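Written out below as C-alpha cells is the structure these notes cover.
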Amino acid sequence: MLAKRIIPCLDVKDGETVKGVNFVNFRSAGDPVELGKCYSDQGADELVYLDITASHEGRKTFTELVKKVAAQVSIPFTVGGGINEMKDVDRLLSAGADKVSINSAAIRNPNLIEDIAKNFGCQVCVVAIDANFEADMWRCYLNGGRVPTDKYLFSWAKEAQERGAGEILFTSMTHDGVKEGYANEALNRLSNDLNIPVIASGGAGKREHFRDAFIKGNADAALAASVFHFGEIGIRDLKTYLAEEGVCVRM
Amino acid sequence: MQVAIIKYNAGNICSVENALKRVGVTPVITDDKETLQKADKVIFPGVGEAASTMQYLKAHRLDELIKGLRQPVLGICIGMQLMCRHSEEGDVDCLNIFDAEVKRFVPTPQERKVPHMGWNTIEQLKSDMFPIELEKSFVYFVHSYYVPVNKNTTAVTDYITPFSAALHKDNFYATQFHIEKSGKVGEHILNHFLSL
Numbered sequence: 155m156l157a158k159r160i161i162p163c164l165d166v167k168d169g170e171t172v173k174g175v176n177f178v179n180f181r182s183a184g185d186p187v188e189l190g191k192c193y194s195d196q197g198a199d200e201l202v203y204l205d206i207t208a209s210h211e212g213r214k215t216f217t218e219l220v221k222k223v224a225a226q227v228s229i230p231f232t233v234g235g236g237i238n239e240m241k242d243v244d245r246l247l248s249a250g251a252d253k254v255s256i257n258s259a260a261i262r263n264p265n266l267i268e269d270i271a272k273n274f275g276c277q278v279c280v281v282a283i284d285a286n287f288e289a290d291m292w293r294c295y296l297n298g299g300r301v302p303t304d305k306y307l308f309s310w311a312k313e314a315q316e317r318g319a320g321e322i323l324f325t326s327m328t329h330d331g332v333k334e335g336y337a338n339e340a341l342n343r344l345s346n347d348l349n350i351p352v353i354a355s356g357g358a359g360k361r362e363h364f365r366d367a368f369i370k371g372n373a374d375a376a377l378a379a380s381v382f383h384f385g386e387i388g389i390r391d392l393k394t395y396l397a398e399e400g401v402c403v404r405m
Numbered sequence: 671m672q673v674a675i676i677k678y679n680a681g682n683i684c685s686v687e688n689a690l691k692r693v694g695v696t697p698v699i700t701d702d703k704e705t706l707q708k709a710d711k712v713i714f715p716g717v718g719e720a721a722s723t724m725q726y727l728k729a730h731r732l733d734e735l736i737k738g739l740r741q742p743v744l745g746i747c748i749g750m751q752l753m754c755r756h757s758e759e760g761d762v763d764c765l766n767i768f769d770a771e772v773k774r775f776v777p778t779p780q781e782r783k784v785p786h787m788g789w790n791t792i793e794q795l796k797s798d799m800f801p802i803e804l805e806k807s808f809v810y811f812v813h814s815y816y817v818p819v820n821k822n823t824t825a826v827t828d829y830i831t832p833f834s835a836a837l838h839k840d841n842f843y844a845t846q847f848h849i850e851k852s853g854k855v856g857e858h859i860l861n862h863f864l865s866l
C-alpha cells in the first residue's frame with residue numbers, strides 16, 4: 155500500500171538553516187545538509203528546502219547547497235523559493251534536486267507549469283499554493299502571503315493540475331503558525347477534486363494533527379517545520395503513532 | 671571494480687552517480703561502446719519519456735549495444751521500461767530483453783492518483799537480486815506506466831493493480847522503483863547488485 159508521507163521543511167538563508175533546532179546530540183544545527191541527513195535517518199520520507207534568501211549571491215550559495223544535499227541524502231527532496239523562470243528550474247534540477255516547488259511565479263506566469271512539465275515531466279513540478287480563508291472563500295496569496303490575488307484555491311489547484319503540476323502543496327495561511335491542526339476540510343475537498351497528490355501544510359502542533367490531515371483531510375503527505383525543528387515531535391515517534399492509528403506509513 | 675552508467679538523454683543520471691558514490695564506488699558515465707562493454711557492471715537509469723529516449727538510443731546505436739551486454743546490467747525506472755518489448759507511452763517498440771508490455775495506469779475510484787508517487791512495499795521477492803530480508807520493505811516510486819506481472823517478475827508492488835516492481839532474466843536486472851532515492855533499503859539493493 156502506498157504510504158502517507160511525512161515531510162520536514164527546512165528554511166535556508168545564505169546557506170544556513172534558519173529556524174532553530176533542538177535535537178539531542180546534534181551539533182551542526184545550522185547545517186542544512188546535516189539536518190537533512192538527520193531527518194532522513196529518523197524516517198522522513200522526503201525533504202523540502204526553501205530558499206528564503208533574496209540576493210543573487212544567496213542563490214548561488216543555495217545551488218551549491220542543493221549539490222551537497224543531492225550527494226549526501228538518499229531520499230527525494232524538493233527545492234523552492236525564488237524560482238521564477240526555466241533557467242532557475244534547470245539550474246536546481248541539474249544540481250540534483252528531484253522536484254521544484256513554484257508558488258508566486260506560477261500565479262504570475264502559469265505557462266511556467268507547462269514548460270516544466272513538458273521539459274522535465276509532471277513529477278518534477280510541485281505547485282505550492284498559499285491561501286487564506288476569508289469571506290467563505292480560500293483566497294490565494296503571493297510573495298509569502300503578503301499580496302492577495304484574484305485566484306481561489308480550488309479553481310487554481312485544478313488549473314495547475316491541468317497545466318501539468320505533479321503535486322499540490324497547499325499551505326493554509328489561516329492555520330499556519332497556530333498549531334491547532336491542518337485545514338482538513340479544504341484538504342479533503344482538494345484531494346477529492348484532484349487526481350494528483352496533495353501535500354498538507356500549515357497548522358501542525360501535535361501528532362493527532364497529522365493523523366487528522368491523513369484521515370479527515372485525505373492528504374497524501376503532510377509537511378511541517380517548527381514541530382520537527384524544535385524537537386516537539388520526533389519523526390520516528392510520529393510514525394509509530396500513525397501506524398497505531400491505522401495510517402499506512404513507511405517504518 | 672568499474673561501474674558504467676549509460677549516458678543518454680534522460681534525467682536523473684546524476685542521482686545514480688551520487689548513490690554509487692555514497693556506497694564507495696565512483697562510476698564512469700559514458701556512451702562509449704568499448705567502455706560499456708568492458709565495465710564490470712552497467713547501470714541504465716533515467717527519468718524520461720519512452721518514445722523519445724528509445725529514438726535517442728537507436729540513433730546512437732545504444733539499443734543493440736545494451737542488448738548485447740554480458741555483464742550484470744541494472745535498469746532503473748524508464749531504464750527498466752525500455753528493456754521491455756513495447757511501451758504504450760508513445761506506442762514504441764523497445765529493447766525486448768523482457769517479453770513484457772509497458773502499460774499506462776488506469777485509475778480506480780480507490781486509487782485515483784497517477785503518477786504512482788511515493789513509498790510502497792516490494793513483495794514476493796525472487797532471484798538473487800534481492801536480499802531476502804527486504805521482503806515488504808518500502809522503496810520510492812514515481813511512474814505513470816507499469817509492467818504487468820510476468821514470468822520475469824522478481825518483486826511485486828500493488829498500486830491500482832499488482833505490477834512488476836522488479837524484473838530479472840539472465841544478466842539483466844531491473845527495478846521500477848528508484849534504488850538511488852530509496853534510503854537505506856536502496857543502498858542495500860545497490861550494494862547487493864554490485865556484489866553479483
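One line per chain: the protein sequences are A and W, in this order.
Note that the working numbering has the first sequence beginning at 155, numbered continuously upward.
Note that the working numbering has the second sequence beginning at 671, numbered continuously upward.
Every residue, glycine too, gets a C-beta built ideally from N, C-alpha and C.
A quick note: this is a predicted structure, and the numbers were derived from the prediction, not measured.
Under the three-state reduction of DSSP output, A285 (chain A) falls in the strand class.
The stretch 281-290 of chain A makes no contact with the stretch 759-776 of chain W, as fewer than three CB pairs between them are under 8 Å.
Under DSSP, D165 (chain A) takes part in a beta bridge, and its partners are A:L204. Counting of Cβ neighbours within 10 angstroms places F364 (chain A) among the buried residues, the total reaching 16 or more.
Assignment of Y678 (chain W) by DSSP, reduced to helix, strand and coil, places it in the coil class. Apart from sequence neighbours up to five positions away, the residues of its chain that approach V172 (chain A) with a beta-carbon distance below 6 Å are D165, ordered along the chain. For the C-beta of E759 (chain W), not a single chain A residue is nearer than 9 Å; the gap to the nearest is close to 11 Å. If you look at M787 (chain W), you'll find it in the beta strand (DSSP E) that goes H786 to T791. In the three-state reduction of the DSSP assignment, C402 (chain A) falls in the coil class, being assigned neither a helical nor a strand state. By the Cβ neighbour-count rule, T845 (chain W) is buried, with 16 or more other Cβ atoms within 10 Å of its own. Between G357 (chain A) and S194 (chain A), the alpha-carbon positions lie close to 22 Å from each other. Identification of residues in the stretch 760-793 of chain W having a C-beta nearer than 8 Å to some C-beta of chain A yields P777, E781, R782, K783, V784, P785, H786, M787, G788, W789, N790 and T791, given in sequence order. Judged by DSSP secondary structure, H383 (chain A) falls within the alpha helix (DSSP H) whose first and last residues are S380 to H383. For S228 (chain A), the neighbours in chain W by C-beta distance under 9 Å run, in chain order, N688, A689, R692, E850, K851, S852, G853, K854, G856 and E857.
Comparing alpha carbon positions, the residue from A:K360, A:L296, A:I237 and A:I206 closest to C279 (chain A) is A:I237. The closest CA to that of F714 (chain W), considering only W:A729, W:K708, W:Y726 and W:V686, is found on W:V686.
Put simply, of A:N263, A:D391 and A:E170 the residue whose alpha carbon is nearest the alpha carbon of K222 (chain A) is A:E170. From the beta-carbon of D242 (chain A), no residue of chain W is found nearer than 9 Å; the closest lies around 16 Å away.
Straight through space, the alpha carbons of S209 (chain A) and D185 (chain A) are spaced by roughly 20 Å. For T831 (chain W), the three-state secondary structure derived from DSSP is strand. In this structure, the straight-line span from the alpha carbon of P351 (chain A) to that of I676 (chain W) is close to 31 Å.
Of the residues W:D701, W:Q672 and W:T696, the one whose Cα lies closest to the Cα of K711 (chain W) is W:Q672.
Counting C-beta pairs closer than 8 Å gives fewer than three between the stretch 779-786 of chain W and the stretch 757-770 of chain W, which falls short of the contact rule.
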